[in-house]
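Here the protein sequences line up with chains A and B, keeping their order.
Anchor point for the first sequence: position 138 equals 138 in the working numbering, and the numbering is continuous, going up by one each time.
If you want the working numbering, it's the 1-based position in the second sequence plus 200.
For each residue, glycine too, the CB sits at the ideal point set by N, CA and C.
Below is one structure, written out as structure tokens; the observations come after it.
Protein chains: 2
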Amino acid sequence: MYPIITISREFGSGGHSIGEKVAEKLNIPFLDGEIVNKTAIDSGYCKELIEEQGETATMANKWFDVSAASTMYFQSPQDEIFLAQRKVILEAAKQGPCVIVGRCSDYILRRAEIPCINVLIHSDMKHRKARVLERYGEIKDVDVEKRIRKKDKQRRTYYRYYTDQHWGDYSNYDLALDSGTLGEECCIDIICKLAEMRSK
Amino acid sequence: MYPIITISREFGSGGHSIGEKVAEKLNIPFLDGEIVNKTAIDSGYCKELIEEQGETATMANKWFDVSAASTMYFQSPQDEIFLAQRKVILEAAKQGPCVIVGRCSDYILRRAEIPCINVLIHSDMKHRKARVLERYGEIKDVDVEKRIRKKDKQRRTYYRYYTDQHWGDYSNYDLALDSGTLGEECCIDIICKLAEMRSK
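Dropping the structure here:
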């Protein structure tokens, strides 16, 4: 039986696409939209909000500014989304092998002592810029590099807040891959090879 | 042709042994003692000093305490060893595929724009303690964990001093592997598979 695989990724590194193709190759579920749908049902919040606040800390979300004081008295919507999402991830993991991208899934499964392979996908700015431009196209008055750095920062802040750990610390991953120097196909092959070794 | 492979490793993670076996499996040179020997000839310092100061900053080596002032006027023995070692590493890399362990080799080759695969081997304290005890045996009055942390710190300080970079930053490695969760054999297989993919 293949292991559960979590994929943490830098924005624009291709981690999402790599995870999708790994799941396809191993013929196991790829959990992304499903997590959003189930979290929406469990929490009562709409899908758009969960997609937006399910793994990023944004300035529009003021809860991060008053977190220390507020969490002593009540749960913020983001806290409720985190908890509902956490439950969905744990339930999904209990169903068997799958690939889960982001959403602090590495931390959530580690804390629950559910065996899995934790993978980090990263890449240098040059490759990430090219990938983002290819995927989303050029947007007028938007600096791609600034957008990438902002997205990374939001994810790091979210991760820090809910795990009290530093995002990207190598000791949290079984495997960390540079998709820029290795290429997407090579990353997919290495993760699948590791999953096959583990399944023996 | 296989690529050059550099291996950075936490103390006790088995990175040295993994590098040795990868070189054996790919039938390419494993550079460790040879670097020490050639650096000794080039620098004039004895092998024991190069082994001790070739990748660790020790308190016995006072140069690190006075580095800011001293380097403005003259080169310390450690600086001379670093420069001689750097030359030996660059010359070795020009000869063709090989495996080089530690000694800032990832940084030295990156700076010289010599293509290579940079690998980081790490592991949790439990596995590293077991490995160090198995390799060196228990030493009276020596706390194994303290010894491991000290050795890591010395290597990190050395790396920081000569590269001005943070040792263990994931963005410096094509591949980072947890030898504790994956096991030595699995790490060897993944590195060899990557070398084979790259050689095509």
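Separation of residue j from residue i, as counted between CA atoms
i                       : j                        : result
histidine 16 (chain A)  : aspartate 389 (chain B)  : 25 Å
proline 115 (chain A)   : threonine 39 (chain A)   : 23 Å
isoleucine 5 (chain A)  : isoleucine 348 (chain B) : 30 Å
glutamate 291 (chain B) : lysine 200 (chain A)     : 42 Å
serine 276 (chain B)    : leucine 283 (chain B)    : 11 Å
glycine 183 (chain A)   : arginine 128 (chain A)   : 12 Å
valine 266 (chain B)    : cysteine 304 (chain B)   : Per-residue confidence for valine 266 (chain B) stands at a pLDDT of 49, beneath the threshold of 50, marking its modelled position as unreliable; no derived number is given.
tyrosine 202 (chain B)  : glutamate 396 (chain B)  : 7 Å
cysteine 246 (chain B)  : arginine 156 (chain A)   : 47 Å
tyrosine 293 (chain B)  : lysine 153 (chain A)     : Correcting the residue type first, residue 293 (chain B) is alanine in the shown sequence and not tyrosine. Taking the straight line joining both Cα atoms gives about 37 Å.
serine 379 (chain B)    : serine 213 (chain B)     : 6 Å
aspartate 42 (chain A)  : glycine 33 (chain A)     : 14 Å
leucine 108 (chain A)   : glycine 244 (chain B)    : The question names leucine, but residue 108 (chain A) in the sequence shown is isoleucine. Going from the Cα of isoleucine 108 (chain A) to the Cα of glycine 244 (chain B) covers about 54 Å.
lysine 140 (chain A)    : leucine 133 (chain A)    : 12 Å
glutamate 48 (chain A)  : arginine 198 (chain A)   : 36 Å
tyrosine 162 (chain A)  : proline 229 (chain B)    : 46 Å
isoleucine 81 (chain A) : glycine 102 (chain A)    : 14 Å
leucine 177 (chain A)   : glutamate 313 (chain B)  : 20 Å
arginine 311 (chain B)  : isoleucine 391 (chain B) : 22 Å
alanine 330 (chain B)   : asparagine 227 (chain B) : 30 Å
aspartate 279 (chain B) : arginine 360 (chain B)   : 13 Å
valine 342 (chain B)    : isoleucine 18 (chain A)  : 46 Å
threonine 181 (chain A) : asparagine 37 (chain A)  : 35 Å
aspartate 106 (chain A) : arginine 9 (chain A)     : 11 Å
leucine 231 (chain B)   : leucine 31 (chain A)     : 44 Å
Anticipated Cβ contact below 8 Å, residue i with residue j, distance rounded
i                          : j                        : result
phenylalanine 11 (chain A) : lysine 151 (chain A)     : 4 Å
tyrosine 358 (chain B)     : threonine 256 (chain B)  : 5 Å
isoleucine 235 (chain B)   : glutamine 285 (chain B)  : 6 Å
glutamate 145 (chain A)    : methionine 125 (chain A) : 6 Å
Proximity test, Cβ basis, 7 Å: residue i and chain D
i                      : result
methionine 1 (chain A) : Going by chain labels, chain D is absent from the structure shown, which instead holds the protein chains A and B.
Near the ligand GDP: residue i beta-carbon under 6 Å from a heavy atom
i                       : result
glutamate 185 (chain A) : Looking at this structure, you won't find the ligand GDP or any other ligand, since it has none at all.
Which runs of the alpha helix (DSSP H) at least 4 residues long sit entirely within the region 318-351 of chain B? Give them in chain order.
Whole alpha helix (DSSP H) segments, 4+ residues: 325-336.
Using 8 Å as the Cβ pair cut-off and three pairs as the minimum, do the region 171-189 of chain A and the region 12-27 of chain A touch?
They touch, by the three-pair rule.
I want to know whether the region 240-253 of chain B touches the region 312-328 of chain B - three or more CB-CB distances under 8 Å.
The region 240-253 of chain B and the region 312-328 of chain B do not touch, with fewer than 3 CB-CB distances between them shorter than 8 Å.
Going along the chain, which residues of the region 9-40 of chain A sit with their C-beta nearer than 7 Å to a C-beta in chain B?
The residues in question: there are none.
Chain-ordered residues of the region 165-195 of chain A with a beta carbon less than 8 Å from chain B:
Within the region 165-195 of chain A, the qualifying residues are Gly168, Tyr170, Ser171, Tyr173, Asp174, Leu175, Ala176, Leu177, Asp178, Thr181, Leu182, Cys186, Asp189, Ile190, Lys193 and Leu194.
Could you check whether the region 165-172 of chain A touches the region 84-98 of chain A, counting it as contact only if at least three pairs of C-beta atoms, one from each stretch, sit closer than 8 Å?
Cβ pair count under 8 Å is below three, so no.
Does the region 170-184 of chain A come close enough to the region 282-291 of chain B that 3 or more CB-CB pairs lie under 8 Å?
No, the region 282-291 of chain B is not in contact with the region 170-184 of chain A.
Taking a Cβ distance cut-off of 9 Å, strictly less, list which residues of the region 118-133 of chain A are near chain B, in chain order.
For the region 118-133 of chain A, which is checked against every Cβ of chain B, the residues closer than 9 Å are Asn118, Leu120, His122, Ser123 and Asp124.
What alpha helix (DSSP H) runs, 4 residues minimum, are completely inside the region 28-63 of chain A?
If we require 4 residues or more, the alpha helix (DSSP H) runs fully inside the region 28-63 of chain A come out as 33-43 and 47-53.
Beta strand (DSSP E) segments (min. 3 residues) lying fully within the region 286-310 of chain B:
For secondary structure counted as the beta strand (DSSP E) over 3 or more consecutive residues, the region 286-310 of chain B holds these complete runs in sequence order: 299-301.
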